[in-house]
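Engineer:
Numbering (the UniProt record's numbering), first residue to last: 1 to 757.
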């Protein structure tokens, strides 16, 4: 055969014979380049350059707005230059936005939308051999480029529809033995790298690569343990750099060895600082941390559970793929570890249980091991545990998992994974009332640690680090998606369980591919404006949990903090803030209808103390009507005034807005502007229990020409924004107070020890 007859346009290589060409096409390097070329093609065809956004807009808000038009598979927000690069899954979505003659508006601004022009690797230079510089390594856009090919969803569907077995399904999901062998190569190079700087280093893989739950294309998580220096002059633990410093050192070492490490990025402000990179020889993505061994201990626990029952591995792999396929697991959603933990929790709380509790394993352990002050030891002897008496099939366990979490009271209960029990959130406000099963360990919090964060929608307590909420970073969008898909899965398994055991696996295709009939709503605010009326719905979502933190917890017995009480407290807070917004910020006179006033069932929550809260004999959960009138356009030009003020760093958002209004009001009086009413509207305040929200209805009752529309455009964005900001401020205040309390307790105990000595 003539040389050059068989060519690979993807890698720009020619071969002299068919066999060599076939070997190349089947290789990982070709598959990677083909995968990358497909991504770059999609970026060119489906990608958009979008500009014109206002300053100081959060990336999450922009992405949520743009996802209203279609699913986004690649998103990058340049905060400084105020543009977005977004790649939609469907080309038709990108085309419709480009060809929209009316334009696309965000907060009243028309956006500039053009085709994205990706920086493509030259055809003659494969992406895997592209040189890495410090600038390229830090590029956020490059972080989303693919590495090793992941799960082939089409092949998974083909296996299921063709009546494949459970074993064939798992082979399509799990990493191959060849891929797992690459991890040892990565670990060896990491150890060699850090031994350049430190004489004694250990590397510990954790996460799915340690447990064996890794799927195709999985990242590898590694804890690099820097041991104490051997030299006598520096044998103190304090001589070792802090994790943040070690991350910077690691980043520098990797950039200096770009033949082995590319796309290097340091993340120092996370709860656990890490270095992210791609190992060039193997194309494996990796996250390296230096914090502590807790992640390793968690992985060892999951690894042990997998050895106790043969049903656990396929059960967890199917749940992981289900969450991955429907895109509610991962960064900013439910972490894979949290997902595995709640899946194990379900097996522990069954009667009879499939798996023993962590607490039982700790009781069987003869040696105590602590990491960062937390008890992490457990018995890893399989012979010490009796075989489970639970005989449920795999599909029955899966069906039970989805039903359990569909019906679980997520907003009010904590999943305690140490004892496999559920505990009301309110008990963590008074830890001395916690059940004895976890009370002793929880009250023994290491010095300087905050209590468990219960202000999020879902709270899953780590089995070792009892103050760590595994779902603290999970947004309301991901939680809604999780619950909606659990509900759908219950219906799917109702049909699956009607079939014989050997035929049930084929029906999992519906579990992985069907979507809920109704789309999960992701916006926190809805509005509709006409010439004389505006309706605005403010959803509670994660702000509802502020009801747990309001006021002094001693005023209401723990048993009385029911969901109804929490909702009433939240409504009371919103009511105060709304009146404060009208009164102190817009300088409107506010009158409630009817005028009868009695003491309100509202906690003092830090809203301005001089804001009067008019109420009547009705509960705050009933509809209230407010009549508002004003004489000045204090909603216009506020940003310019604020830029000219010197604002203390510790001032909350309410006080800042009040300061701006005072300056603007004084300027109006100085100019001698007439105090004639130009604003007059009615506001109906209607609480709604399901979903927890407030419906506002604004009606024009005598505004000057165009004034009503102008002030409504201001209210529809600024009012929800202020409510959310102040809720976050209150949560931050609570966490700060917890820290101060712990510090005070630590000082008191230290003084007591000194006095005894």
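Using N, Cα and C, we set each Cβ at its ideal position, and we do this for glycine too.
Would you mind reading off the limits of the beta strand (DSSP E) that contains residue 682?
Structural biologist: Note, residue 682: beta strand (DSSP E), 679-688.
Engineer: For the structure I just gave you, are there three or more beta carbon pairs, one from the segment 424-436 and one from the segment 464-474, closer than 8 Å?
Structural biologist: The segment 424-436, when compared against the segment 464-474, does not touch it at the 8 Å Cβ threshold.
Engineer: Looking at C-alpha atoms only, which residue of 203, 219, 207 is the closest neighbour of residue 226?
Structural biologist: Of the listed residues, the one whose Cα sits closest to residue 226 is 203.
Engineer: Determine the contact status of residue 210 and residue 299, defining contact as a CB-CB distance below 7 Å.
Structural biologist: Cβ atoms of residue 210 and residue 299: closer than 7 Å.
Engineer: Give the list of continuous beta strand (DSSP E) stretches no shorter than 3 residues that lie fully inside the segment 92-116.
Structural biologist: Runs of the beta strand (DSSP E) inside the segment 92-116: 112-115.
Engineer: Skipping 5 residues on each side, what residues in its chain have a beta carbon closer than 8 Å to that of residue 325?
Structural biologist: Result list for residue 325: 153, 512, 513, in chain order.
Engineer: Can you give me the C-alpha to C-alpha distance between residue 774 and residue 488, rounded to a whole angstrom?
Structural biologist: A question about residue 774 goes unanswered here, because the residues of the chain that appear run from 1 up to 757.
Engineer: Tell me where the alpha helix (DSSP H) around residue 324 begins and ends.
Structural biologist: Per DSSP, residue 324 belongs to the alpha helix (DSSP H) from 312-325.
Engineer: Taking residue 25 as the reference, which of 38, 8, 16 has the closest Cα?
Structural biologist: Ranking the options by Cα distance to residue 25, first place goes to 8.
Engineer: For the ligand SAM, I want to know if residue 644 counts as a neighbour, meaning its beta carbon is within less than 6 Å of at least one of the ligand's heavy atoms.
Structural biologist: Among the ligands in the structure shown, none appear at all, so the ligand SAM cannot be discussed.
Engineer: For the segment 308-325 against the segment 384-399, are there 3 or more C-beta pairs whose distance is under 8 Å?
Structural biologist: Contact holds: three or more Cβ-Cβ distances are below 8 Å.
Engineer: Using the three-state DSSP reduction, which class does residue 374 fall into: helix, strand or coil?
Structural biologist: Strand, per DSSP.
Engineer: Leaving out five residues before and five after residue 20 in sequence, what residues of the same chain have Cβ atoms less than 6 Å from its Cβ?
Structural biologist: Cβ within range, chain order: n/a, list empty.
Engineer: Could you tell me the distance, in whole angstroms, from the CA atom of residue 694 to the CA atom of residue 253?
Structural biologist: Distance between the alpha carbons of residue 694 and residue 253 is about 53 Å.
Engineer: Can you tell me which residues form a DSSP beta bridge with residue 38?
Structural biologist: Paired residues: none, contrary to the question.
Engineer: Straight-line CA distance for residue 376 to residue 718?
Structural biologist: The straight-line gap from Cα to Cα measures roughly 47 Å.
Engineer: From residue 276 to residue 47, what does the alpha carbon distance come to, in whole angstroms?
Structural biologist: Distance between the alpha carbons of residue 276 and residue 47: 25 Å.
Engineer: What does DSSP give as the partner residues of residue 700 in its beta bridges?
Structural biologist: Paired residue(s): 681.
Engineer: DSSP beta-bridge partners for residue 87?
Structural biologist: Bridge partners of residue 87: 47, 74.
Engineer: Are residue 628 and residue 582 touching if we call contact CB-CB under 7 Å?
Structural biologist: Yes, the Cβ-Cβ distance between residue 628 and residue 582 is below 7 Å.
Engineer: Using the rule of at least 16 other Cβ atoms within 10 Å of the residue's Cβ for burial, across every protein chain shown, is residue 584 buried or exposed?
Structural biologist: Residue 584 should be labelled buried.
Engineer: By DSSP, does residue 400 sit in helix, in strand, or in coil?
Structural biologist: Of the three classes helix, strand and coil, the one that applies to residue 400 here is helix, per DSSP.
Engineer: Of the choices 245, 480, 442, whose alpha-carbon is the least far from that of residue 691?
Structural biologist: Minimum Cα distance to residue 691 is reached at 480.
Engineer: Assuming residue 478 contacts residue 328 (C-beta within less than 8 Å), just tell me the rounded distance between them.
Structural biologist: That pair is a contact at about 5 Å.
Engineer: In terms of alpha-carbon separation, which member of 163, 182, 98, 710 lies closest to residue 533?
Structural biologist: When only C-alpha atoms are compared, the closest one is 710.
Engineer: Taking only the alpha-carbon atoms, compute the straight-line gap between residue 563 and residue 576 and give it to the nearest angstrom.
Structural biologist: When rounded, the distance between both Cα atoms is 20 Å.
Engineer: Taking residue 108 and residue 90 to be in contact with their CB atoms under 8 Å, please state how far apart those CB atoms are, rounded to whole angstroms.
Structural biologist: The pair is not a contact, with the Cβ atoms about 28 Å apart (cut-off 8 Å).
Engineer: Look at the Cβ atom of residue 273, then the Cβ atom of residue 296, and state whether they are nearer than 7 Å.
Structural biologist: No, these two residues do not count as a Cβ contact at 7 Å.
Engineer: What residue range is occupied by the uninterrupted beta strand (DSSP E) comprising residue 632?
Structural biologist: Here residue 632 belongs to no beta strand (DSSP E), and DSSP marks it neither H nor E.
Engineer: With a threshold of 6 Å on Cβ separation, who are the neighbours of residue 609 within its own chain once the five nearest residues in sequence on each side are excluded?
Structural biologist: With a pLDDT of 39 at residue 609, under the threshold of 50, the modelled position of that residue is not reliable, and the figure given next carries that caveat. Counting only Cβ-Cβ distances below 6 Å, and skipping sequence neighbours, we find nothing.
Engineer: Are there three or more Cβ pairs, one per stretch, closer than 8 Å when the segment 697-709 is compared with the segment 634-645?
Structural biologist: Counting Cβ pairs under 8 Å, fewer than three are found: no touch.
Engineer: Could you pull the DSSP bridge partners for residue 461 from this structure?
Structural biologist: Answer is 416, 469.
Engineer: With H, G and I counted as helix, E and B as strand and the rest as coil, what does DSSP make of residue 451?
Structural biologist: DSSP places residue 451 in coil when its eight states are reduced to three.
Engineer: Residue 442 and residue 466 - do their beta-carbons sit closer together than 7 Å?
Structural biologist: The answer is yes: Cβ separation under 7 Å.
Engineer: Just to confirm, is the Cβ distance from residue 159 to residue 172 under 7 Å?
Structural biologist: It is a contact, given that the beta carbons lie within the stated cut-off.
Engineer: Applying the 10 Å Cβ sphere with the 16-neighbour rule, what's the burial state of residue 270?
Structural biologist: Label assigned to residue 270: exposed.
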